[in-house]
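A short worksheet on the structure shown next.
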Amino acid sequence: MPREFLRCTTCNQWDWFSEPRAHRCKPAWRVWIGDHHDPDDPDDGIEARADDAEDAAARACEEWDADEHYMLDYESELCVVRPETDRSGRATRVRVEAEAVVEYRGQVLEDES
Ligand SMILES: [Zn+2]
29 MPREFLRCTT CNQWDWFSEP RAHRCKPAWR VWIGDHHDPD DPDDGIEARA DDAEDAAARA
89 CEEWDADEHY MLDYESELCV VRPETDRSGR ATRVRVEAEA VVEYRGQVLE DES
């Protein structure tokens, strides 16, 4: 069976799928961002798939901030992260910062003649 690069229907990540199945979903985390979510409400916050709490908080902030880029105006957001399987369990606090990235691009000009 040829290897296929597909989007996982469970975790939404792109990865290689083949027999035997190569892809394994990363663990699910619940992330409460700054003043925007209530960590005392286990159902508030955002689910993020990642290998650890730091990456989960960064991914959740990236998703939450994708349209407006509010986080560029703040120094950082303090996130509370717990495993999705234990939303009332021990919390990890993670500070997430955002920065703009400069992008360069070329554009072919028409000849002046
Ligand atoms: Zn997956």
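When you read off a place in the sequence shown, starting at 1, and then add 28, the result is the number in the numbering used here. Ideal Cβ placement from N, Cα and C applies to all residues, glycine included.
In the three-state reduction of the DSSP assignment, T38 falls in the coil class. Residue environment for G117: exposed (fewer than 16 other C-beta atoms within 10 angstroms of its C-beta). The beta carbons of A84 and W57 sit closer together than 8 Å. Judged by pairs of C-beta atoms under 8 Å, the segment 65 to 78 does not touch the segment 93 to 105, as fewer than three such pairs exist.
For A85, the uninterrupted alpha helix (DSSP H) run begins and ends at A81 to W92, by DSSP.
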